[in-house]
Amino acid sequence: MEGIVRGILEDVRLRGDAAVLDYTERFDGVRPENLRVTAEEIRRAADAVDPALLDAMREAAENIADFHRRQVRQGFISAEKDGIVMGQRVLPLACVGVYVPGGTAAYPSTVLMDVVPAKIAGVGRIVMVTPPGRDGAIPNAILAAASIAGVDEIYRVGGAQAVGALCYGTQTLPQVDKIVGPGNIYVATAKKQVYGLVDIDMIAGPSDILIVADESADAAFVAADMLGQAEHDELAASVLVTTSGALAELVRAQLEAQLDGLSRADIARASLLRNGRILLAENLDQALATANALAPEHLELCVAASFEWLPKVRNAGSVFLGHHTPEALGDYFAGPNHTLPTGGSARFYSPLSVDDYVKKSSFLHYSADALKKSADKVIAFAESEGLTAHAESIRVRLP
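Residue numbers (our numbering): 171 to 569.
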């Protein structure tokens, strides 16, 4: 896998568009006449989308924007010491690439979650890539969501070749500063390999949910939320930790009862067999300790007085409180970002945010008098480290 992806990236670096088109034909079964999606294609796609879905996407975009506006950071300047001015500037990235998965399903929610925070951060150029179907087309809902979110350019390319094109730039695709968005194992591997040449958001693995529930929880609700996670992927993990043995049995029965009606029942069943768990805890403190140890992507607190338990949560990508806050709200509509750390990485990673689309730069000014007052201390540091040129850069400025 590593070698295959490395070869694709190097080929794209050397041959640009020609390599991108060759791999698109090989992996997606189509050789597009034009890599870039036209404004007319985007307009037609939006016209073809169900108006109810368009309304839902517009409102979701507003919710996402409202949440992420609260994350905007301001720079600062300090001149509290005589002759010394220092501060920090917060600057948006110039160009960001957004990868949107293709394949068997279209994910307009990914477009909104990845693009809206970038717009709020002030990113100058947002470039979206997504694999085409065998007819060369992009799903209408994806293009409509891109229009709503404010994407500047859209290209019909996916896989590791898309990551390479965004990293190195081609005759058609621009080189970007950062690549965000989920993808298959080839995309994830490519992102890992180009990190350092460009920034990336995170290496996302299979999705997961952990539900902490007490006797107040509704078994049908809990089972539905576990299945909602399981239908993503056979490798997805759905875990219930409960203080109630009776609830555990009811949830087990509900899982079987609800499975048969699902469009992706086979995937959900395989996921539960592989990574589904129902665990009994002695009390909620033990249940929360288990949650913190596993550091889930999604954590539901289906317990009485759920807000009272929130301070005990240390490791979770996103927390859903109470019996009427299913994880699906966060996936699509509520506002907090659904791009979350997976595989236990919530111990040290955060959800995608406005912070991911900005960089910080510090600045400093000393007057001659201020430099003179600090000179001896700086020289002492430099000489202790054997860096005499550093020390001389101070001395040469002294009267």
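Ideal Cβ positions, reconstructed from N, Cα and C, are used throughout, including at glycine.
Predicted, not measured: the structure shown is a model, and the values here were computed from it.
- Between residue 200 and residue 324, the CB-CB gap reaches or exceeds 8 Å.
- Secondary structure note for residue 287: its alpha helix (DSSP H) is the uninterrupted segment 278-291.
- As the crow flies, the alpha-carbon of residue 376 is around 30 Å from that of residue 215.
- When the alpha-carbon of residue 209 is set against those of 308, 393, 197 and 413, the nearest one is in 308.
- Straight through space, the alpha carbons of residue 266 and residue 345 are spaced by roughly 9 Å.
- Put simply, the backbone Cα of residue 270 is about 30 Å away from that of residue 447.
- Per DSSP, the beta bridge partners of residue 369 are 348.
- For residue 491, the secondary structure class from DSSP, reduced to helix, strand or coil, is strand.
- If you ignore the 5 residues before and after residue 553, its C-beta comes within less than 8 Å of the C-beta of 561, all in its own chain and listed in chain order.
- In the DSSP assignment, residue 356 forms no beta bridge with any residue.
- Straight-line measurement puts the Cα of residue 559 at about 42 Å from the Cα of residue 335.
- Residue burial is scored here from C-beta neighbours: residue 507 has at least 16 other C-beta atoms within 10 angstroms and is therefore classed as buried.
- In chain order, 269 and 271 place their CB closer than 6 Å to the CB of residue 353, counting only its own chain and leaving out the 5 sequence neighbours on each side.
- In this structure, the CA atom of residue 465 is about 5 Å from the CA atom of residue 514.
- Residue pairing by DSSP places residue 246 opposite 258 in a beta bridge.
- Within the DSSP secondary-structure output, residue 325 pairs in a beta bridge with 206 and 299.
- For residue 447, the pairing in a beta bridge is given by DSSP as 409.
- The C-alpha of residue 213 lies about 10 Å from the C-alpha of residue 219.
- Per DSSP, the beta-bridge partners of residue 380 are 409 and 469.
- The beta carbons of residue 482 and residue 458 sit closer together than 8 Å.
- Taken through DSSP and simplified to helix, strand or coil, residue 532 comes out as strand.
- In chain order, 359 place their CB closer than 7 Å to the CB of residue 172, counting only its own chain and leaving out the 5 sequence neighbours on each side.
- Note: residue 513 is not bridge-paired with any residue in the DSSP secondary-structure output.
- Taking the CA atoms as reference points, residue 511 sits about 17 Å from residue 505.
- A check of alpha carbon separations from residue 306 across 347, 295, 326 and 248 identifies 326 as the nearest.
- Residue 193 sits in a helix when the DSSP states are folded into three classes.
- Here the alpha carbons of residue 534 and residue 252 stand approximately 13 Å from one another.
- Residue range 265-269 is occupied by the beta strand (DSSP E) that includes residue 269.
- Comparing alpha-carbon positions, the option among 480, 445, 441 and 437 lying closest to residue 455 turns out to be 480.
- A straight-line Cα-Cα distance of about 31 Å links residue 569 and residue 531.
- With respect to the 8 Å criterion, residue 523 and residue 262 are not classified as neighbours on the basis of their beta carbons.
- Going by C-alpha positions, residue 545 is about 6 Å away from residue 564.
- A contact between stretches requires three or more CB pairs, one per stretch, nearer than 8 Å, and the stretch 387-396 meets this requirement with the stretch 407-416.
- Residue 239 counts as exposed, since fewer than 16 other beta carbons sit within 10 angstroms of its beta carbon.
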